[in-house]
Amino acid sequence: MTTALDQALTQIRTRYGEGAIRRLSEPDPAAMPTALPTGFPALDRALGIGGIPRGRITELVGHGSAGQGSLAASLAAQAQQRGGQVVYVDACRQVDLDLLTHWGVGFDDLRVLRPAQPSLALTLTRDLLGEGGADLILFDRYDPAEPAYRDMDAMLAEVTPLLGATASTLVFLTEADASRYPPGRALPYYATLRLHCQQMDWITEGLTLAGLVAQVAVIKHKLGPPGGSARLSLRMPADA
Amino acid sequence: MPSRPARRIACLLIAGFAAAVERARHPEIGAPLLVHEGGRVLGACSQAREQGVREGDPLQGARARCPGALLLPADRPAYEVVWGKLLLAAADHTPAVEAVAPGLAYLDATGLVPLYPSETAWGEAVLSAVQRAVGVSAGLGIARTKCVAQLAAADAQPGQGPLLVQGDRAFLAPRPLADLPLDDETLRRCALLGLRTVGRFAALPRPAVAEQFGPEALTAHDWARGCDPRPVQSRLCASLSRRHSFAVPAQDAIALHAILAELGAALLQNLSRRGLAVRWARLRVRYERGGSESVAAWLGNGAGQPKLERALRWLVDGLQGPAGATGWGAGVSELSLALTGLEPLAGVQLDLFAHRADRLRLEGTLRRLAQRHAPATVLRPQVAVVDTPLLSRRYALRALEAET
Numbered sequence: 001m002t003t004a005l006d007q008a009l010t011q012i013r014t015r016y017g018e019g020a021i022r023r024l025s026e027p028d029p030a031a032m033p034t035a036l037p038t039g040f041p042a043l044d045r046a047l048g049i050g051g052i053p054r055g056r057i058t059e060l061v062g063h064g065s066a067g068q069g070s071l072a073a074s075l076a077a078q079a080q081q082r083g084g085q086v087v088y089v090d091a092c093r094q095v096d097l098d099l100l101t102h103w104g105v106g107f108d109d110l111r112v113l114r115p116a117q118p119s120l121a122l123t124l125t126r127d128l129l130g131e132g133g134a135d136l137i138l139f140d141r142y143d144p145a146e147p148a149y150r151d152m153d154a155m156l157a158e159v160t161p162l163l164g165a166t167a168s169t170l171v172f173l174t175e176a177d178a179s180r181y182p183p184g185r186a187l188p189y190y191a192t193l194r195l196h197c198q199q200m201d202w203i204t205e206g207l208t209l210a211g212l213v214a215q216v217a218v219i220k221h222k223l224g225p226p227g228g229s230a231r232l233s234l235r236m237p238a239d240a
Numbered sequence: 001m002p003s004r005p006a007r008r009i010a011c012l013l014i015a016g017f018a019a020a021v022e023r024a025r026h027p028e029i030g031a032p033l034l035v036h037e038g039g040r041v042l043g044a045c046s047q048a049r050e051q052g053v054r055e056g057d058p059l060q061g062a063r064a065r066c067p068g069a070l071l072l073p074a075d076r077p078a079y080e081v082v083w084g085k086l087l088l089a090a091a092d093h094t095p096a097v098e099a100v101a102p103g104l105a106y107l108d109a110t111g112l113v114p115l116y117p118s119e120t121a122w123g124e125a126v127l128s129a130v131q132r133a134v135g136v137s138a139g140l141g142i143a144r145t146k147c148v149a150q151l152a153a154a155d156a157q158p159g160q161g162p163l164l165v166q167g168d169r170a171f172l173a174p175r176p177l178a179d180l181p182l183d184d185e186t187l188r189r190c191a192l193l194g195l196r197t198v199g200r201f202a203a204l205p206r207p208a209v210a211e212q213f214g215p216e217a218l219t220a221h222d223w224a225r226g227c228d229p230r231p232v233q234s235r236l237c238a239s240l241s242r243r244h245s246f247a248v249p250a251q252d253a254i255a256l257h258a259i260l261a262e263l264g265a266a267l268l269q270n271l272s273r274r275g276l277a278v279r280w281a282r283l284r285v286r287y288e289r290g291g292s293e294s295v296a297a298w299l300g301n302g303a304g305q306p307k308l309e310r311a312l313r314w315l316v317d318g319l320q321g322p323a324g325a326t327g328w329g330a331g332v333s334e335l336s337l338a339l340t341g342l343e344p345l346a347g348v349q350l351d352l353f354a355h356r357a358d359r360l361r362l363e364g365t366l367r368r369l370a371q372r373h374a375p376a377t378v379l380r381p382q383v384a385v386v387d388t389p390l391l392s393r394r395y396a397l398r399a400l401e402a403e404t
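Given below as C-alpha cells:
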C-alpha cells in the first residue's frame with residue numbers, strides 16, 4: 001500500500017532528481033565511493049572502506065623517510081593491477097623509479113609529469129584533470145611552507161569537482177609533520193582522507209639496511225572511522 | 001569465445017605449524033607437543049589444542065591446561081626452511097601461491113581442472129606433494145573465495161583429502177558468527193540482537209549493518225554474502241634458490257662459474273615451467289676461513305640463460321673475499337643462488353578493450369599537455385641499461401612527443 005510519505009518521496013525524486021531524498025535504510029551509492037586497496041590489508045582494515053577512496057583527495061603526511069613513497073608506490077601498483085593508468089606529478093623532480101619498480105609498478109601504464117617549477121605542478125594537475133584525468137595521480141611532493149603553493153586553495157576548489165567527475169584519485173605526498181602543519185592551509189580541508197606516516201624503526205639484515213617499519217595513522221576520514229592505525233614493514237629495493 | 005573459468009581458491013592450512021614440523025622431525029614422541037618461544041606457545045599439536053591450548057598463550061597457562069605436554073624450544077630457521085620447501089612443492093601445481101604466514105597459504109586453483117582429472121584430484125596432488133616434500137599433513141579447502149577456503153581448510157581433516165565447497169554462501173549460512181572477522185563488541189551486540197549464524201547476519205541489509213555496527217563490519221558482511229574479492233597474490237613467495245656445498249673449497253672463478261651455470265639453468269627451467277619472470281639474481285658465498293659475502297645483479301624482465309650467465313660472471317668477478325685475506329683466502333666452501341622479484345611473465349588480462357581505450361585517451365591528454373606546457377614536461381619512464389648497478393643509468397625518462 002502506498003503511503004502519503006511514499007507519494008511525497010516520489011514527487012521529490014521526480015522534481016529534484018533520483019538522489020534528492022532517500023530513506024536511511026536504502027543504500028546511497030554516492031556516499032560510499034569505491035576504494036583502491038593500499039596493498040596492505042592491515043591498513044585497508046584500519047581505513048574501514050578497504051583502501052583509499054577513489055575520486056577523492058588523499059593526503060599522506062610525513063617527514064623524510066616515513067614510508068610515504070613506498071605507500072604511494074604500492075598504491076600505484078594496486079591501481080595498475082586493476083587495469084588503471086598512473087600519472088606521477090614529480091614536483092620535486094626526484095621520482096624514484098627503482099622504488100616504483102620494486103613495488104611492482106609497470107612503466108607501460110605510468111607517465112611522469114615534471115614541471116619546470118613547483119608552482120606549475122598544480123596547474124599541470126588541474127589541466128590533466130580537466131582533460132579527463134587518470135585513475136591515480138600521485139603528487140610528489142607538497143610542502144605547505146613553500147611559497148610556490150600559495151594558490152593551492154583556488155586550485156583545490158577547481159580540482160575537487162573534477163575528481164568526482166573523472167573518478168580520478170589524487171594523492172598528495174606532503175612533507176610536513178601532522179602536529180606542526182602550518183595553519184590555514186587548504187589541503188587538510190579538501191582532503192577526504194589524511195594519513196600520517198611516521199618511521200618507527202629500521203629493518204636491518206646483518207649490517208645491511210633492508211627497510212623500515214612505519215606507523216600509518218588515520219588522522220582524517222570523511223568516509224570511515226578516523227583514529228585507526230597500522231604498522232607496516234616496508235622493504236627497500238635491494239642494492240645491486 | 002571460450003568462457004572465463006570460475007574463480008577457485010584453495011587454502012592450505014597446517015594448524016600449529018611449528019608443532020607439526022617438530023612432530024615430523026621427532027616421530028618417536030607420543031606425548032602432546034608444545035613449541036615455545038619467549039615464554040609463549042608458538043605451536044601446539046592437535047592433542048594440546050584439544051585441551052584448550054592456543055598459539056600465543058602464556059607457556060605457564062598452557063602447561064597447566066596440558067600437564068603431560070613435552071616442551072620444545074622453537075627453532076625458527078628450521079621452520080622457515082620447511083615452509084619454503086612446502087611452498088615450492090605446492091607451486092608445482094599452481095601458478096600462484098600466496099604465503100600468508102607459516103602454516104597458512106592460498107593457492108590459485110582457477111582453471112586447473114583441464115590439467116587434472118578433477119578438482120579433488122588436483123587437491124590430492126597438492127597434498128601429496130606437500131607430504132612428500134616436508135612430511136607434514138595439511139588441510140586443504142577449495143572454494144570461490146579466500147574466506148570460505150580457509151574455513152573449509154580448517155574443517156578438512158589432515159590426511160583425509162581436500163574439502164570442496166561449491167556454494168560459498170550456503171556453506172557459510174549455518175556457521176557461527178565467530179567465524180567472521182568481527183570484533184568481540186560486535187559479536188556481543190549481534191548475540192543481543194539474536195544474530196547467531198552467518199546466514200542471519202548476511203540477511204541484514206548492508207546500510208543497516210553500516211549504521212548498527214560501523215563501516216568496519218561491512219567487510220564481514222560482504223564475506224557472509226559470499227563476496228570476498230581478495231585475489232591470490234603471489235608476491236610474498238617471490239624467490240627461488242639453490243645451494244651448493246664444495247667438498248674441497250673452490251679456489252678459482254672457473255669452478256664457481258661452472259656450478260653457478262648449473263644452478264642457474266635449473267632455476268630458469270623452474271621459472272619457465274611456472275610462467276614467471278625474474279628481476280634479481282642474488283649470490284651468497286661462504287668462505288672456508290669464515291665469513292660470507294652477498295652480491296646481487298638486476299636482470300630486468302625475461303632473463304634467459306645467456307643473460308643470467310653474464311650477470312653471474314659479473315657477480316663472481318665482483319666478489320671481494322673474506323676480510324683481511326687476499327683474494328678468496330682459503331676458498332669458497334658454499335654458495336647459494338637466489339632469483340628474486342619473481343612475477344608472472346604474462347600479466348592478468350583485466351579488460352582488453354577498456355584498458356586500451358583508457359590508455360589511448362590518457363596518451364592523447366598527455367600529448368596535449370606537452371603541447372600546452374613544454375615537451376619535457378610529460379615523460380615516459382623506461383629501463384635504459386638493465387645490467388648496470390648504478391641506478392642513475394638504469395632508468396631513463398624520455399619526453400613524450402607533443403601532439404601535432
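Keeping their order, the protein sequence lines are chains A and B.
Using the working numbering, read the first sequence as starting at 1 and increasing by one per residue.
Using the working numbering, read the second sequence as starting at 1 and increasing by one per residue.
Even glycine gets a Cβ: it sits at the ideal position worked out from N, Cα and C.
Here the structure is a predicted model, which means the values were calculated and not measured.
For A230(A), the enclosing beta strand (DSSP E) covers residues 229-235. For the set A73(A), T101(A), C92(A), I203(A), the Cα lying nearest the Cα of L136(A) is the one of A73(A). Nearest Cα to A74(B) within the set P95(B), P375(B), S118(B), G39(B): G39(B).
Taken through DSSP and simplified to helix, strand or coil, R225(B) comes out as coil. Along the stretch 365-381 of chain B, the positions whose C-beta sits under 9 Å from a C-beta of chain A are T365, L366, R368, L369, R372, H373, A374, A376, T377, V378, L379, R380, P381, read in chain order.
In the three-state reduction of the DSSP assignment, S74(A) falls in the helix class, which pools H, G and I.
Put simply, the CB of L232(A) is far from chain B, with every gap to its CB atoms at 8 Å or more. For Q215(A), not one C-beta of chain B is nearer than 8 Å to its own C-beta.
Take the alpha-carbon of W202(A) and the one of L192(B): they are about 45 Å apart.
Here T58(A) carries a strand assignment [DSSP, helix/strand/coil]. A91(A) sits in coil when the DSSP states are folded into three classes, being neither helix nor strand. Interface flag for R189(B) against chain A is unset, since no Cβ pair is found closer than 8 Å. Between the C-alpha atoms of G104(A) and R54(B) there is a straight-line separation of about 37 Å. When rounded, the separation of the alpha-carbon atoms in P226(A) and V61(A) is 15 Å. Under DSSP, S294(B) shares a beta bridge with R284(B). Residues of chain B with a Cβ closer than 7 Å to the Cβ of L113(A) are, in chain order, T377, V378. The alpha-carbon of P176(B) is positioned some 57 Å away from that of L400(B). For S241(B), same chain residues with a beta-carbon under 7 Å away, outside a window of 5 residues either side, are S336, L337, A338 in chain order.
Beta-bridge analysis with DSSP links Y142(A) to T174(A). A direct Cα-to-Cα measurement between D184(B) and R45(A) gives close to 16 Å. Residue-level contact check: L195(A) does not touch chain B, since none of the beta carbons of chain B fall below 8 Å from its beta carbon. Each of G16(B), A143(B), D252(B) was checked against the Cα of D108(B), and the nearest Cα belongs to A143(B).
Put simply, of I49(A), P53(A), L36(A) the residue whose alpha carbon is nearest the alpha carbon of A210(B) is I49(A). Listed along the chain, the chain B residues whose CB falls inside 7 Å of the CB of L97(A) are P381, Y395. Where S46(B) is concerned, the enclosing alpha helix (DSSP H) starts and stops at 46-50. Burial state of Y181(A) is buried, judged by a 10 Å Cβ sphere holding 16 or more other Cβ atoms. About 7 Å separates the Cβ atoms of D127(A) and R372(B), confirming a contact at the 8 Å cut-off.
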